[in-house]
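With this note's numbering, the residue at position 141 of the sequence shown is 134, and numbering never jumps.
Have a look at the structure below before the remarks.
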Amino acid sequence: MGKAIPMVELWRGGLLESTHLGHAVICDEAGQIVEAWGDPGRVIFPRSSCKMLQALPLLETGAADAHGLTEAHLALSCASHQGAAIHVEMAGKWLKDLGLGEANLRCGAHEPLDHAERDRLISHHDKPCQLHNNCSGKHSGFLTVVKHLGVGPEYVELDHPLQKAIKASFEEVTNETSAGWGIDGCSAPNFACSVTGLARSMSAFASASEDGNTRQKAMHRLTRAMATYPELVAGEGRACTELMRAMGGKVAIKTGAEAVFVAIIPEKKLGIALKIEDGNSRASEAAITAILARIGVLDAAHPAAQKRLPAEQRNWRGLHTGELRLSAGFL
-6 MGKAIPMVEL WRGGLLESTH LGHAVICDEA GQIVEAWGDP GRVIFPRSSC
44 KMLQALPLLE TGAADAHGLT EAHLALSCAS HQGAAIHVEM AGKWLKDLGL
94 GEANLRCGAH EPLDHAERDR LISHHDKPCQ LHNNCSGKHS GFLTVVKHLG
144 VGPEYVELDH PLQKAIKASF EEVTNETSAG WGIDGCSAPN FACSVTGLAR
194 SMSAFASASE DGNTRQKAMH RLTRAMATYP ELVAGEGRAC TELMRAMGGK
244 VAIKTGAEAV FVAIIPEKKL GIALKIEDGN SRASEAAITA ILARIGVLDA
294 AHPAAQKRLP AEQRNWRGLH TGELRLSAGF L
């Protein structure tokens, strides 16, 4: 068993200030490791990086087509959005079309990350609702399956038919028996796997064809939806959105809480998963940027890449204070 390796460093005044250790794996279409750093067997919670896995029952049960969902809906079902008007309005209409409403969600409410929507709420003396939750698109997808199958409303419970279907899909695509589960920030179960298992699942998405079996078609559609609608997957200024745009819709990427990141690369049939041990997202964004550039799908000189690595640090007066760099020996 390996150990986490130094991946990203923060330098200030010519001295090393912080080091972020982590693990990363690249898998090919056969699910085999092409390259790895740290401990490929490190068991993690993928958190929101696995939302495309959680969305498989939405397509495989026929619920998406039965309720006329578009590619935009599929992208939102995989999103960790920032609660901007585009996200809130789409999720709200989605539920209304199902004959449901915000009260049917089980994700909880939090203040939107989008500044314009946050300011609108303040100026109107309104409170955020569950539609502002960054997982409201995923939960709208969950409710679509619930409606389609006619099963109970408490869809985040571990023994609910939806969560049983998600767990089965998760284990089949990662090709692992989940080591355990925890409750995610949006109240849904999150199943654990190794970094390799997560990368293997992403390579399955990367190699899936629209002419394949039911699961492969579902994977292909979800990947295409994410890459086509990057603004729905995250939002303006966010790494997922900006980096997918920088790659011209050829790659789908997704972050997860506690510094997890995945990438689906159809043209190379590769899947990537990484985890930064200390949970720092600046490091996971830098590391995924570096790996994508290294394998030739992201231009390292693109502003979206340069924003994250090497990332110059400036203070509130605009003074240069330091720089985020790759650690020696990583890549």
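The C-beta atom is built at its ideal place from N, Cα and C for all residues, glycine as well.
Residues that residue i bridges to, as DSSP identifies them
| i | result |
| --- | --- |
| Lys247 | Val255 |
| Asn183 | Gly175 |
| Arg208 | Paired residue(s): none; Arg208 is not in a bridge. |
| Ala304 | Leu317 |
| Ile(-2) | Gly15 |
| Arg5 | Leu8 |
| Val36 | Ser187 |
Where residue i falls, given that 16 or more other Cβ within 10 Å makes a residue buried
| i | result |
| --- | --- |
| Lys131 | buried |
| Leu69 | buried |
| His80 | buried |
| Ala321 | exposed |
| Gly61 | exposed |
| Ile37 | buried |
| Glu147 | exposed |
| Asp115 | With the sequence shown as reference, residue 115 is identified as Ile, and Asp is not the correct amino acid for it. Classification of Ile115: exposed, given that the 10 Å Cβ count is below 16. |
| Ala294 | exposed |
| Trp30 | buried |
| Trp309 | exposed |
| Ala23 | exposed |
| Gly242 | exposed |
| His117 | exposed |
| Glu82 | exposed |
| Leu88 | buried |
| Ile257 | buried |
| Ala232 | buried |
C-beta contact flag for residue i and residue j at 8 Å
| i | j | result |
| --- | --- | --- |
| Ile281 | Phe254 | yes |
| Arg318 | Glu2 | yes |
| Leu225 | Ala48 | no |
| Leu191 | Thr167 | yes |
| Ala304 | Glu316 | yes |
| Gln75 | Leu98 | no |
| Pro223 | Arg238 | yes |
| Arg337 | Asn183 | There is no way to answer for residue 337, as the model of the chain reaches only from -6 to 324. |
| Arg35 | Ser194 | no |
| Ala72 | Glu110 | no |
| Val149 | Ala181 | yes |
| Ala197 | Met219 | no |
| Ser42 | Gly228 | no |
| Leu324 | Ala283 | yes |
| Asn273 | Ala252 | yes |
| Thr221 | Arg5 | no |
| Ser277 | Leu291 | no |
| Leu14 | Ile(-2) | yes |
| Met45 | Lys247 | yes |
| Thr189 | Ile26 | yes |
| Trp174 | Leu142 | no |
Three-state secondary structure (DSSP) of residue i
| i | result |
| --- | --- |
| Trp174 | strand |
| His66 | helix |
| His125 | helix |
| Leu114 | helix |
| Ile288 | coil |
| Ala17 | strand |
| Val138 | helix |
| Met240 | coil |
| Ser11 | strand |
| Leu106 | coil |
| Lys89 | helix |
| Lys268 | strand |
| Val144 | coil |
| Leu263 | strand |
| Ala294 | coil |
| Ala227 | coil |
| Val149 | coil |
| Ala29 | strand |
| Gln47 | helix |
| Lys120 | coil |
| Ala23 | coil |
| Thr221 | helix |
| Gln299 | helix |
| Ala201 | coil |
| Ser73 | coil |
| Cys233 | helix |
| Arg99 | coil |
| Leu155 | helix |
| Phe323 | coil |
Chain B contact for residue i (CB, 8 Å cutoff)
| i | result |
| --- | --- |
| Glu278 | Of the chains in the structure shown, none is chain B; there is only one protein chain. |
### Query
For the region 189 to 207 against the region 151 to 161, are there 3 or more C-beta pairs whose distance is under 8 Å?
These segments do not touch.
### Query
If you pair each beta-carbon of the region 138 to 157 with each one of the region 48 to 62, do three or more pairs fall below 8 Å?
Contact holds: three or more Cβ-Cβ distances are below 8 Å.
### Task
Flag this pair as touching only if the region 260 to 274 and the region 12 to 24 have three or more C-beta atom pairs under 8 Å; answer yes or no.
Three or more beta-carbon pairs separated by less than 8 Å link the region 260 to 274 to the region 12 to 24, which places the two stretches in contact.
### Message
Check whether the region 107 to 126 and the region 81 to 98 are in contact - that is, three or more C-beta pairs closer than 8 Å.
### Response
These segments touch.
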